[in-house]
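Down below is the structure, laid out as structure tokens.
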Amino acid sequence: MKLKPVVFFISAAIILLPLMITAQSQYLTEKQGSYSFYNNTRSEGTENIAFGNHVKTISDYFYQNIPMMKASKGFDLAVTLFGYWDDEYKKRSSNYGLRGELRFDFQLFLNSNGKEDKWTVEPPHWYLEINNTETGHGGMQKEGNEASLLKELFLVFPLIREIVPGVHYYDCEPRTCGSLVVFNPDRPAYWLPVTVRDVVEAKLKFYKADDSNKMLYDFIKPLVDNMSQDELNSPAHYGSDDGILNVNGKRDGLQMMRFNPDYWDRTLPPSAIQFMTIGYTEYGFGNKNKTEQENADNEFRNNNGHPDYSQVVRNSMLIKDLPRLLTKTNK
133 MKLKPVVFFI SAAIILLPLM ITAQSQYLTE KQGSYSFYNN TRSEGTENIA FGNHVKTISD
193 YFYQNIPMMK ASKGFDLAVT LFGYWDDEYK KRSSNYGLRG ELRFDFQLFL NSNGKEDKWT
253 VEPPHWYLEI NNTETGHGGM QKEGNEASLL KELFLVFPLI REIVPGVHYY DCEPRTCGSL
313 VVFNPDRPAY WLPVTVRDVV EAKLKFYKAD DSNKMLYDFI KPLVDNMSQD ELNSPAHYGS
373 DDGILNVNGK RDGLQMMRFN PDYWDRTLPP SAIQFMTIGY TEYGFGNKNK TEQENADNEF
433 RNNNGHPDYS QVVRNSMLIK DLPRLLTKTN K
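For the sequence shown, the numbering used here begins at 133 and goes up steadily by one.
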């Protein structure tokens, strides 16, 4: 309990840091910066070193092809590969290979009270996820245990369109939930729908096995028994009138899916890059058209003294090139 004030003050300091920097500093927008890449997973062994080498080609691609990154005016571009260490994640058959976050930090140069400085703690940044089945959608359900289908389920926002073969764009109606999924179109579908039957059978099995969940089992069992065969065989969507069973076959709510184990080309080494997800909205967060985007970009610059670097990257991406960054054959 004594740690809570400390956590609060640290969190508050991180949140307020950009405001403090803006108030006390002037950005050195013309100072020339440099580009660097660091593999934070390299100490984990040779496979992680190989993974880092593959990821560096992605980092180099963005540096070479995003004009703002290439110019590096006003900031050092510090790119880091961060890994995930989750033994339970690795045990699931739907997961394969090493996964990581590739983070691009824009470490802005500052003049603080007449002294040159650099913003290195939580600077503006942009990132993408590699080989991570828990990203690119509406979030994992976090129900059940590792032996249960429930642990693999997630919610999927509507598919807006296929931008090019190998890139799908998903988003919600307010345009605040968007992501690009970059995949190998020559492989089987990366996500699989599940039926209401799949979900309710997994729920009943999980809750029946645990005496502490008896009341929950007793509540949902009659609800399942009253479902028609048509609904049980329908694609599962999240939600229910009671707010507890939270699955229906009426296409009400977001669809529930799981990652397809057969998507992965397991002849490739775990260090290969086979799947990427990138946070993305066509006109920026919450915007519905180009005019709204331009107004939001101008407002951000006026309020912060620098552009929204992550949005500049998204605006500059050559989306058609993204599938080429995946490893497709074992060379």
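Where a beta carbon is used, it is the ideal one built from N, C-alpha and C, also for glycine. Since we're looking at a predicted model, the values are computed, not measured.
Suppose contacts are defined by Cβ-Cβ distances below 9 Å. Is Leu-336 in contact with Tyr-349 by that definition? Here residue 336 refers to the residue found at position 204 when the sequence shown is read from its first residue. Here residue 349 refers to the residue found at position 217 when the sequence shown is read from its first residue. Going by C-beta atoms, Leu-336 is nearer than 9 Å to Tyr-349.
Rounded to whole angstroms, what's the CA-CA distance from Arg-174 to Phe-432? Just pull it up for me. Within the sequence shown, the letter at position 42 stands for residue 174. Within the sequence shown, the letter at position 300 stands for residue 432. Computed Cα separation, rounded: 37 Å.
Given 8 Å as the limit, is there contact between the segment 304-311 and the segment 319-339, that is, 3 or more CB pairs closer than that? no
Compare the Cα-Cα distances from Leu-377 to each of Arg-398, Gln-361, Leu-355 and report the closest residue. The residue labelled residue 377 in the question sits at position 245 within the sequence shown. Among Arg-398, Gln-361, Leu-355, the Cα nearest to that of Leu-377 belongs to Leu-355.
Compute the distance between the beta-carbons of Ser-366 and Arg-390, then report whether it is under 9 Å. Counting from one through the sequence shown, the residue named residue 366 turns up at place 234. Counting from one through the sequence shown, the residue named residue 390 turns up at place 258. Taking 9 Å as the Cβ cut-off, Ser-366 and Arg-390 do not qualify as a contacting pair.
Alpha carbon to alpha carbon, what distance is there between Leu-281 and Leu-213? Counting from one through the sequence shown, the residue named residue 213 turns up at place 81. Counting from one through the sequence shown, the residue named residue 281 turns up at place 149. Answer to the nearest angstrom: the Cα atoms are 30 Å apart.
For Asp-237, the residue or residues it bridges with in DSSP: Locating residue 237 in the sequence shown gives position 105, counting from the first residue. BP columns for Asp-237 point to Ala-210, His-257.
DSSP three-state assignment for Ile-146, whether helix, strand or coil: Taking the sequence shown and counting its residues from 1, one reaches residue 146 at position 14. Confidence at Ile-146 is low in this model, with a pLDDT of 46, below 50, so the placement of that residue is unreliable and no value is reported for it.
So which of Ala-210, Met-272, Ala-203, Leu-230 has the shortest CA-CA distance to Arg-398? Taking the first residue of the sequence shown as 1, we reach residue 398 at position 266. Closest option to Arg-398, Cα to Cα, is Leu-230.
My understanding is that Pro-320 touches Asn-392, with C-beta atoms under 8 Å, so please give their C-beta distance in whole angstroms. Along the sequence shown, read from residue 1 onward, the residue named residue 320 stands at position 188. Along the sequence shown, read from residue 1 onward, the residue named residue 392 stands at position 260. Right, their Cβ atoms sit about 6 Å apart.
Name the DSSP beta bridge partners of Phe-391, please? Here residue 391 refers to the residue found at position 259 of the sequence shown. DSSP lists Trp-323 as partners of Phe-391.
From the DSSP secondary-structure annotation, give me the bridge partner or partners of His-369. Reading the sequence shown from its first residue, position 237 is the one you call residue 369. Answer is Asn-380, Gln-387.
Minimum C-alpha distance to Leu-209 - residue among Ser-168, His-438, Val-328: The sequence position of residue 209 within the sequence shown is 77, counting from 1. The shortest Cα separation from Leu-209 among Ser-168, His-438, Val-328 belongs to Ser-168.
Name the one or two DSSP bridge partners that Phe-169 has. Here residue 169 corresponds to residue number 37 of the sequence shown, with the count starting at 1. For Phe-169, which the question treats as bridged, DSSP gives the partners Val-211.
How close, in whole Å, do the beta carbons of Asn-227 and Thr-265 come, if the pair is a contact with beta carbons under 8 Å? Numbered from 1 along the sequence shown, position 95 holds the residue referred to as residue 227. Numbered from 1 along the sequence shown, position 133 holds the residue referred to as residue 265. Rounded, the Cβ-Cβ distance is 5 Å, consistent with contact.
Using only CA atoms, which one of Trp-258, Glu-294, Ser-344 lies nearest to Ile-198? Numbered from its first residue, the sequence shown carries residue 198 at position 66. Answer by Cα proximity: Trp-258.
Using 10 angstroms around the beta-carbon of Glu-426, count the other beta-carbons present and answer buried if the total reaches 16, otherwise exposed. Stepping through the sequence shown from its first residue, residue 426 is reached at position 294. The residue is exposed, with fewer than 16 neighbouring Cβ atoms inside 10 Å.
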